[in-house]
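Heads up: the structure comes next, in structure tokens.
Residue numbers (my numbering), protein chains in the order written: chain A, 1 to 235; chain B, 1001 to 1235.
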């Protein structure tokens, strides 16, 4: 039985990574006098990885990691004006308009009619709330969980709280690592909808031969898949 | 009837503002060549207020506001090494050990035996989770809500979710502005336990003559007060 559909938000319902890439390009240009682009990206990614346990996911931690990287790669010579520009680009990310991905509204609307639909997202609390409010999708969801990480335990708790348990739940998202694999471990269905841009720290290999794993090019096919699963045509 | 007790966390169950003050003192020392202390505090507070809508509450936003202030007051002349020190002091805040306030454990333990107890706190998601885990109090709570702001609507939703509604709930905390006044507006009891240090943006006047408002010097008196309220000795 399938009762509850969980949606990831960033790059599943609306654009996100593209804003990070634009900011990273701006960061690269700002730092051009101090560091070649490839080396800068590598050092930034190292800082993000190193800081993940302290900062968690989201724009504020990303901004702090950019500043740290700017100081590091310049040997402490980056001018304050450049740091000011980095701060400004971080604040702009926190104000960017929300652009829904194709089929996002129609798919959530269709599934909300027959299933419990829950938004499960990680990132900065306030920023994720802002994006949900601006998306206009807020009223469609029966529950919203903004979490610090996406683990099997988190999915078990979220689908118990808002649904009838993870084994009767399906999670859809663009990240195999965060949206699909831990949900399969929790006993639910995992549907991967790839997005052209994926952050390096979200890369993972797809599961092989898992009977509850599905993949689709965009969200438009999800209502049909859910209908089939709910009727037991596939398990 | 009183069924559910909500606890604020920072400076109600464990020390918090003292770490902000220590960091601010370090910031003042770092900036001594660029700005007199009083002016620096004023500008930092302005930055925090201005950025609250974008950054929300918590250490990451505080660190970003310190960096912004350092650039501003120095007219863009602050060296990158000082910014690096500010970053480091922010990271240290995210790693500081949790020190419980007097009577915190005993009070939560006593009330958890007879009531639903819920932790309701604002701040950075991951940081608040870390502090709760380190506090050793996590298992005592029936529910935990980490929220982006504390409003009457937030309290109505949290006490509906974890209890039997805000009118049968009591919120205890050190901030009149965040813990007490919005809970009274939501129809519940509000108990103020002042802490010696209160952030300027949390200052508020106490309510006058509100029958559901109580104040006490520390948490040790809370179980008796709750017992009286539950028995209807006071309303």
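C-beta: ideal position from N, C-alpha, C; glycine also.
Three-state class that DSSP yields for residue i in the structure shown
i                       : result
residue 27 of chain A   : helix
residue 1144 of chain B : strand
residue 1041 of chain B : helix
residue 11 of chain A   : coil
residue 66 of chain A   : helix
residue 76 of chain A   : coil
residue 116 of chain A  : strand
residue 1060 of chain B : helix
residue 1103 of chain B : coil
residue 1084 of chain B : helix
residue 228 of chain A  : helix
residue 1109 of chain B : helix
residue 4 of chain A    : strand
residue 1221 of chain B : helix
residue 1051 of chain B : helix
residue 185 of chain A  : helix
Residue i Cβ short of 7 Å to the ligand SAH heavy atom set
i                       : result
residue 1063 of chain B : Within the structure as shown, the ligand SAH is missing, as the structure has no ligands at all.
Minimum Cβ-Cβ distance from residue i to chain A less than 8 Å
i                       : result
residue 1071 of chain B : yes
residue 1160 of chain B : no
residue 1067 of chain B : yes
residue 1126 of chain B : yes
residue 1234 of chain B : With a pLDDT of 47 at residue 1234 of chain B, under the threshold of 50, the modelled position of this residue cannot be trusted, and the question is left open.
CB contact below 8 Å: residue i versus chain B
i                      : result
residue 116 of chain A : no
residue 77 of chain A  : yes
residue 63 of chain A  : yes
residue 9 of chain A   : no
residue 202 of chain A : no
residue 218 of chain A : no
residue 38 of chain A  : no
residue 215 of chain A : no
7 Å CB neighbourhood of residue i in its chain, flanking five on each side removed
i                       : result
residue 142 of chain A  : 116, 117, 118, 162
residue 1061 of chain B : 1051, 1055
residue 1204 of chain B : 1176, 1177, 1181
residue 1218 of chain B : 1102, 1103, 1193
residue 70 of chain A   : 31, 78, 82, 83, 86
residue 1232 of chain B : none
residue 1047 of chain B : 1065, 1068, 1069
residue 16 of chain A   : 10
residue 1246 of chain B : The requested residue 1246 of chain B is not part of the displayed model; chain B covers only 1001 to 1235.
residue 1164 of chain B : 1003, 1004
residue 223 of chain A  : 107, 110, 111
Counterpart residues of residue i in DSSP-defined beta bridges
i                       : result
residue 173 of chain A  : A/192
residue 92 of chain A   : According to DSSP, which records beta bridges pairwise, residue 92 of chain A is partnered with nothing at all.
residue 1215 of chain B : B/1192
residue 1122 of chain B : B/1147
Contacts around residue i, its chain only, beta-carbon distance under 8 Å, and the 5 residues preceding and following it disregarded
i                       : result
residue 1200 of chain B : 1045
residue 1125 of chain B : 1146
residue 1130 of chain B : 1094
residue 1096 of chain B : 1019
residue 134 of chain A  : 97, 98
residue 1168 of chain B : 1001, 1002, 1003, 1004, 1159, 1188
residue 1225 of chain B : 1191, 1214, 1216
C-beta neighbour in chain D for residue i, strict 8 Å
i                     : result
residue 80 of chain A : The question asks about chain D, but that chain is absent: this structure's protein chains are A and B.
Close Cβ partners of residue i (< 6 Å) along its chain, the five nearest in sequence each way excluded
i                       : result
residue 63 of chain A   : 90
residue 179 of chain A  : 8, 171, 173
residue 1132 of chain B : 1138
residue 112 of chain A  : 140
residue 186 of chain A  : 152, 155, 156, 166
residue 144 of chain A  : 119
Residues of the stretch 83–113 of chain A whose Cβ lies closer than 8 Å to any Cβ of chain B, in chain order: Flagged, chain order: 83, 84, 87, 90, 91, 94, 95.
field: Residues from the stretch 164–193 of chain A in contact with chain B, defined by Cβ distance under 9 Å
entry: Under the 9 Å Cβ criterion, the stretch 164–193 of chain A contributes no residue.
message: Along the stretch 131–155 of chain A, where does the CB come closer than 9 Å to a CB of chain B? Name the residues.
response: Taking 9 Å as the Cβ-Cβ cut-off against chain B, the residues of the stretch 131–155 of chain A that qualify are 146, 147, 148, 149.
query: Using a Cβ cut-off of 7 Å, which residues of the stretch 40–64 of chain A contact any Cβ in chain B, in chain order?
result: So the list reads 54, 55, 56, 60, 61, 63, 64, given in the order they occur along the chain.
message: Taking beta-carbon pairs under 7 Å, can you tell me which members of the stretch 1015–1036 of chain B lie near chain A?
response: So the list is empty, because no residue satisfies the distance condition.
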